[in-house]
Amino acid sequence: MKEILLKITSSKINYYLSLLTDLLTAVIFLSLSLYYSKDIFASLALFVVGVIFFTFLEYAVHAWLFHKNHPLKIFIEGHANHHRNPFSYDAMPFFMSLLIASVFAYLLHFIMPLPDALAIVGGMTLGYFNYGIMHHIMHRVEFKDGYWRYMQEFHFVHHKKPKMNHGVTTDIWDRVFGTYYVWSEEDLKGIEKLKRVDEKRPLKAIFDLI
Numbered sequence: 001m002k003e004i005l006l007k008i009t010s011s012k013i014n015y016y017l018s019l020l021t022d023l024l025t026a027v028i029f030l031s032l033s034l035y036y037s038k039d040i041f042a043s044l045a046l047f048v049v050g051v052i053f054f055t056f057l058e059y060a061v062h063a064w065l066f067h068k069n070h071p072l073k074i075f076i077e078g079h080a081n082h083h084r085n086p087f088s089y090d091a092m093p094f095f096m097s098l099l100i101a102s103v104f105a106y107l108l109h110f111i112m113p114l115p116d117a118l119a120i121v122g123g124m125t126l127g128y129f130n131y132g133i134m135h136h137i138m139h140r141v142e143f144k145d146g147y148w149r150y151m152q153e154f155h156f157v158h159h160k161k162p163k164m165n166h167g168v169t170t171d172i173w174d175r176v177f178g179t180y181y182v183w184s185e186e187d188l189k190g191i192e193k194l195k196r197v198d199e200k201r202p203l204k205a206i207f208d209l210i
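Mapped onto our numbering, the consecutive letters of the sequence shown carry residue numbers 1 to 210.
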């Protein structure tokens, strides 16, 4: 069973399907929230809260599920494949985002109105989609400066120092939990091996997703 799951999670078809279902799940949950909500602006605000809260989950899963020793080895082994091959197509089974989001919304509806639960979970799912897209592009586009270049270097240092710099969309939680690593030019040597860039088509990584 573990071998089958690892095969699914490393397939290119599953990779792109998972990005699609992540986005669709976020849209569906937000739409349902707005449809049933008595306060549309509150639902939109909670959706944004969900997006922001996901940045913490992004850190927690990466640092504590993928890089900590624990009995659920499939998560560690699956992620280790990305470190061995940065251009591999590793992602959770495409149906998992909808399944996990549904479970979260169901549990949250016991402590808050269902539209609020749908809005928060929808925001978290959009955050997950944003993480997936950003991580994909980081390894396939050359950024010269600004936020994207900073986060690209921040993430590539993680590939060289796996216990540090766990964030992909933000560095804030690494700063909070003491895993932020201040890198130097020396640390960036070999960074080109972590990027597969088509100089003639710099946006190819984005168009490949359409």
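Here a beta-carbon is modelled for each residue, glycine too, at the ideal position from N, C-alpha and C.
With fewer than 16 other Cβ atoms inside 10 Å of its own Cβ, residue 60 counts as exposed.
Between the region 29 to 47 and the region 112 to 119, the count of C-beta pairs closer than 8 angstroms reaches three or more; the two stretches touch. Excluding the 5 residues flanking it on each side, residue 46 has same chain C-beta neighbours closer than 6 angstroms at 116, 119 and 120, in chain order. If you look at residue 157, you'll find it in the alpha helix (DSSP H) that goes 146 to 160.
Using a Cβ distance threshold of 9 angstroms, residue 124 and residue 51 count as a contacting pair.
Between the alpha carbons of residue 170 and residue 151 lies a distance of about 7 angstroms. Residue nearest to residue 180 within the set 102, 164, 63 and 129 is 164 (criterion: CA-CA distance). Here residue 126 is actually not in contact with residue 21; their C-beta atoms are around 12 angstroms apart, not less than 8 angstroms. In this structure, the straight-line span from the alpha carbon of residue 102 to that of residue 146 is close to 36 angstroms. Taking the CA atoms as reference points, residue 184 sits about 15 angstroms from residue 192.
Between residue 194 and residue 156 the beta-carbon gap is near 5 angstroms, inside 8 angstroms, which marks them as a contact. Less than 9 angstroms separates the beta-carbon of residue 58 from that of residue 128. Considering only 30, 24, 48 and 63, the residue with the shortest C-alpha distance to residue 178 is 63.
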